[in-house]
Structure formats: C-alpha cells, structure tokens
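Position one of the sequence shown corresponds to residue 1 (full-length UniProt numbering), numbered consecutively onward.
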Amino acid sequence: MPSMYKMIAAVMLRSGFEPGFGLGKHFQGIVEPIKIPFKGAKFGLGYVPTDDEAEMKNKSVDQALPRPIPHLYQSFPVQEYVDDDDLGEGIYGLFEEIYAIVE
C-alpha cells in the first residue's frame, strides 16, 4: 500500500470514519472507496498517447540535461534607477532619518 493511501486512511480515521459504514453524517454515503486508475505517463486528461510518444517521454525523463545557473548580469541586465522627483509627495521622504524623542 503506497504511503499516500496510509496518510489518507489515518486522516479519515481521526475524523470519525468507521470501516464498513458509509460516508456522511448518518453513514448514508458510499461504503467502498473510489478506485483511482494508475497512469504512469502524464500526458494529459483523457489523452491516449501512441507507443512512439510514450517511448519518447520515457527517454526524455531518463536523460534530463543539467541546467546551468546563469550569472546575475544575465538575469538582471540593467541596473534599476529611481528618480527622486518622480516618487510623489508621500513617498519622497519616507526613508530619511528622523531624530525624535519618544516618551
């Protein structure tokens, strides 16, 4: 039994589920759990891939290429410049030092 199913069962038992009874306040719901079909390849909802597509997918997963981390100058090519005149009246002096005595 996969660990996911064990976790689901533990949560349901803590919430008051009793095996053999239906789900719901008065045990009127379904008794048997819903079966989830396992699908190894993740192509999309309802899509049935051809054998060639499934084989290509399996090969691409097995042979993942390393992704180099780019330098900072490649990620941020231009330095940000803020013009103080464009800030507006409320924000202009927001981060200036204030000498005050708090009582």
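Glycine included, every Cβ here is placed at the ideal spot set by N, Cα and C.
Please read these numbers as outputs of a predicted model, since none were measured by experiment.
Contact check, residue i vs residue j, beta carbons under 8 Å
i, j, result
"Val31", "Phe21", "yes"
"Leu23", "Gly29", "yes"
Next on the checklist: Which complete beta strand (DSSP E) runs does the UniProt domain "G-patch" (11-50) hold, if anything under 3 residues is left out?
Outcome noted: none
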